[in-house]
Amino acid sequence: MGWVGWKEWRPFTEYFQINPYVGHPGKPTQWKTTLEGTFGDLSQDHGLAPLPETALDFKTVTAPPKGVYFIRIHGVENCKHPSGFYDYIGLSSAKGTSQQAGIYGRVADHYRKIVGLPGRGDIKKVIWDRHRPDLRGNREDTHEYFKDQKFENYESLREFFNKGAKTSDSSGDGNWSALPEEVMNKLTTLVSIREFFQKNVRFSYNAYTPSKKSGSGNDRVQEEVAKAEGLALAAYIEGHGEIPFLNVRNELASLEGLDKILG
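Residue 443 is where the sequence shown starts when you use our numbering, and the numbers rise one by one after that.
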């Protein structure tokens, strides 16, 4: 019980499978469109899924792992961070459904932002604000309008939403909008997205399982996970002098100046 230790770095695609954004089997949705010649419902979790029968697979494990995780984008030219990588260290949520809680639920949203896909709530807003103001409030016709769109590839889909890597960071959980255009240029088709995440994105995580003695409530788990994230960021800053490029919050800001009074 407790922390199991960091998994070794592996390509992102050895933890997760990348399915089409449109037409992958799943729960039916009101949002349908055509992408790369395929018409269908928007896929669950924007097309991402944990590899079946693995520790992160919320469909087959009783308790999807919670803890801290590390996403690294490498092989991108002219990275200005001292580490030479576009890194992100994050923590899971202890609350929500088995799909939302745990490490996987957070990673699915990060994947969406890296690829520049819209959040479900953004779709109608963008259509009403930028394309068809006359449809505002008319959900049925808005769904029909999106259904009639034919996106040649992921680049044209991003152009429709005017987002790309500039995906909204309103949640404050990552500096994803700062990813360079070079990354977006490599994420134009499903084939190229899979190739990029296989070659240029690595992933690791450390799962926490509470003992009966420590208590297993969500608040207790979240407290331990938050501590671990702070320690991971501290180790990163010690090694590279700055927080990871893709992190927004510096969980160690409260320690600024402590070295002076300790001395």
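Just so it is clear, CB atoms sit at the ideal spot from N, CA and C, and this is done for glycine as well.
Close beta carbons around residue i, own chain, < 8 Å, minus the five adjacent residues each side
i       : result
Gly-616 : Tyr-530, Gly-532, His-552, Lys-555, Leu-688, Asn-689 and Val-690
Arg-572 : Asn-604
Residues near residue i in its chain [Cβ-Cβ closer than 6 Å; skip 5 each side]
i       : result
Ser-612 : Interpretation of Ser-612 is limited by its pLDDT of 44, a score under 50 that renders its predicted location unreliable; the figure taken from the coordinates is listed afterwards. Excluding positions up to five away in sequence, the list is empty.
Gln-472 : His-585
Asp-487 : Ala-550
Glu-666 : Tyr-650
Proximity below 8 Å, CB of residue i to CB of residue j
i       : j       : result
Lys-501 : Ala-649 : no
Val-557 : Phe-603 : no
Trp-570 : Leu-559 : no
Gln-591 : Thr-480 : no
Lys-619 : Glu-450 : In the sequence as presented, Lys is not what sits at residue 619; that position holds Ser. No, Cβ-Cβ distance for Ser-619 and Glu-450 is not below 8 Å.
Arg-574 : Thr-455 : no
Ala-460 : Phe-593 : It is worth fixing the name first, because residue 460 is Ile in this sequence and not Ala. No, Cβ-Cβ distance for Ile-460 and Phe-593 is not below 8 Å.
C-alpha distance - residue i paired with residue j, whole-angstrom precision
i       : j       : result
Ala-676 : Val-643 : 22 Å
Phe-527 : His-516 : 5 Å
Val-510 : Lys-641 : 23 Å
Arg-548 : Asp-499 : 13 Å
Phe-512 : Val-503 : 21 Å
Thr-496 : Val-633 : 23 Å
Pro-467 : His-682 : 43 Å
Thr-631 : Arg-600 : 12 Å
Trp-445 : Glu-680 : 22 Å
Ala-607 : Gly-672 : The pLDDT assigned to Ala-607 is 38, lower than 50, so where the model puts this residue is not dependable, and the model offers no usable value.
Tyr-706 : Leu-490 : An answer regarding residue 706 cannot be provided, because it is not within the stretch 443 to 705 covered by the chain.
Gly-579 : Ile-565 : 13 Å
Lys-628 : Glu-478 : 16 Å
Pro-453 : Arg-514 : 10 Å
Ala-674 : Ala-668 : 10 Å
Gly-563 : Ser-534 : 22 Å
Pro-711 : Arg-581 : This structure gives no information on residue 711, because the portion of the chain shown stretches from 443 to 705.
Gly-544 : Met-626 : 28 Å
Pro-494 : Ser-598 : 31 Å
Lys-589 : Ala-670 : 44 Å
Gln-664 : Gly-561 : 25 Å
Proximal residues to residue i (C-beta, below 7 Å), its chain only, five neighbours per side dropped
i       : result
Pro-686 : Asp-529, Tyr-530, Ile-531 and Tyr-678
Tyr-546 : Pro-492, Leu-498, Phe-500 and Pro-506
Tyr-587 : Ile-569, Arg-574 and Leu-577
Ala-684 : According to the sequence provided, residue 684 is Glu. The question's Ala does not apply to it. Within the same chain, Glu-684 has close Cβ partners His-523 and Pro-524.
Gly-482 : Val-464, Gly-465 and Lys-474
Gly-447 : Asn-648
Asp-583 : Leu-577
Residue closest to residue i, alpha-carbon to alpha-carbon, out of the options
i       : options                               : result
Asn-520 : Pro-622, Ile-635, Leu-673 and Phe-639 : Pro-622
His-585 : Ala-497, Leu-484 and Tyr-546          : Leu-484
Ala-706 : Arg-662, Gly-681, Ala-674 and Thr-651 : In the structure as shown, the chain starts at 443 and stops at 705, and residue 706 therefore has no counterpart that could be examined.
Tyr-713 : Val-663, Thr-496 and Tyr-463          : No answer is possible for residue 713: the residues shown for the chain start at 443 and end at 705.
Glu-624 : Arg-452, Val-518, Ala-674 and Pro-453 : Val-518
### Query
Hey, which unbroken runs of the beta strand (DSSP E) at 3 residues or more fall wholly within the stretch 449 to 485?
458 to 460, 474 to 477 and 480 to 483
### Task
Any chance you could list the beta strand (DSSP E) runs of at least 3 consecutive residues sitting entirely within the stretch 502 to 561, in chain order?
508 to 515 and 528 to 533
### Query
Along the chain, which unbroken stretches of the beta strand (DSSP E) at least 3 residues long are found entirely within the stretch 625 to 688?
643 to 651
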